[in-house]
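From first to last, the protein sequence lines are chains A and B.
One point on numbering: in numbering that gives the first Met the number 0, the residue at position 19 of the first sequence is 18, and numbering is uninterrupted.
One point on numbering: in numbering that gives the first Met the number 0, the residue at position 53 of the second sequence is 52, and numbering is uninterrupted.
The beta-carbon is built from N, C-alpha and C at its ideal position, and this holds for glycine as well.
Keep in mind the model is a prediction, meaning the values are calculated, not measured.
First comes the structure, then the notes that go with it.
2 protein chains.
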Amino acid sequence: MVDNFDAICSKLKEEKYKITPQREIIINILLDNLNKHLSAEEIYDIAKGINPDLGMTTIYRTLDLLVELGVLQKLEFGDGRTRYELQDEDMHHHHHLICLKCGKVEEFEMDLLEALEQKILEKKGFEVMDHKLKFYGTCSECR
Amino acid sequence: MVDNFDAICSKLKEEKYKITPQREIIINILLDNLNKHLSAEEIYDIAKGINPDLGMTTIYRTLDLLVELGVLQKLEFGDGRTRYELQDEDMHHHHHLICLKCGKVEEFEMDLLEALEQKILEKKGFEVMDHKLKFYGTCSECR
DNA sequence: TTATCTGCAAAATCTTTGCACTTGG
DNA sequence: CCAAGTGCAAAGATTTTGCAGATAA
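Shown next, in the form of structure tokens:
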């Protein structure tokens, strides 16, 4: 759903945030790199190529803003840096396969957790709003 | 399985690592705080109470060692610090419920992913060795 | 004895903050 | 115009590293 530029800009305007050139650049980088799990620094490096004046601070603040708006998700794969991924409605059925040998992160689609979330509400009184599922192992190339 | 002091020490000896007083303290802290997801600093604070000379460096190095031995797992819940949890064989069926309001982390037991992991091997050629499943939402108290 | 381990201090990362200047609406 | 946004430099927070002295086996 929120996988295009205008949809994200509308969300920003709705919440009275300004559309700045820096924010446009960052949003476009995220859109051009769906499923790549970029880190703040990787986004920064790409952004520098477009506008060399753009600062790291703006990257972090814009990413925080997009996370707050719910269009971006923070991810951690254990390499010490936060990574980011745009959210769309299918993301809820989208999980990660992390290779312990080469570090590559693949995607895996599967909707199986909805029934489980209902059970968690019944058993524990915990209302699930989102989930993250990661599988660690050896990818086909490394095997 | 590896949920007692002697079992962990045996693992250390097997790999020719020494049993030092510092390592004993750290292992005991982990054993006394199962399911608490302590951070390095929290472990350090407890350890300081037992031996004030024990340094942060030793905490990090010992935790890394235990992770390498497979008796300890690193966790990240998004608060910027790595947390640690001792592994036993049931851990594979043990997931986390993270409350987005109060930050509390509860446990949830459920074995449901084994069949799925077989499917991942068939479809993607990715051999799963471990998984992490987190649910984000609102806990019973915050609701 | 001696390879391993420890603690300190310093460095390396990653992320956040204060502040003066700039700018989108 | 002016509240919101930006960039810089500095600070914070967490984790890692170099090295000299200590110690388990």
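Check, Outcome
"For L144/A, the residue or residues it bridges with in DSSP", "In the structure displayed, chain A extends from 0 to 142; residue 144/A sits before or after that span and is not available."
"Buried versus exposed, by CB contacts within 10 Å (16 or more), C46/A", "Checking the displayed sequence, the identity of residue 46/A turns out to be Ala instead of Cys. Answer is buried; the Cβ neighbour count reaches 16."
"Residue closest to V127/A, alpha-carbon to alpha-carbon, out of R142/B, Q86/B, E116/B, H130/B", "R142/B"
"Short Cβ contact (8 Å threshold) for G136/A with F125/B", "yes"
"C-alpha distance - A114/B paired with P51/B, whole-angstrom precision", "48 Å"
"Residues near R22/A in its chain [Cβ-Cβ closer than 6 Å; skip 5 each side]", "T61"
"Rounded separation between E75/B and K123/A - CA only", "22 Å"
"Cα-Cα separation, K12/B to I26/B", "14 Å"
"Element boundaries [beta strand (DSSP E), containing K133/B]", "126–137"
"Distance between C138/B and F134/A (C-alpha atoms, nearest Å)", "25 Å"
"Start-end ranges of the beta strand (DSSP E) lying completely within the region 68–123 of chain A, minimum 3 residues", "71–75, 81–85, 93–98, 104–108"
"K10/A versus T81/A: straight-line alpha-carbon distance, rounded", "23 Å"
"Beta-carbon gap between F107/A and L99/A smaller than 8 Å", "no"
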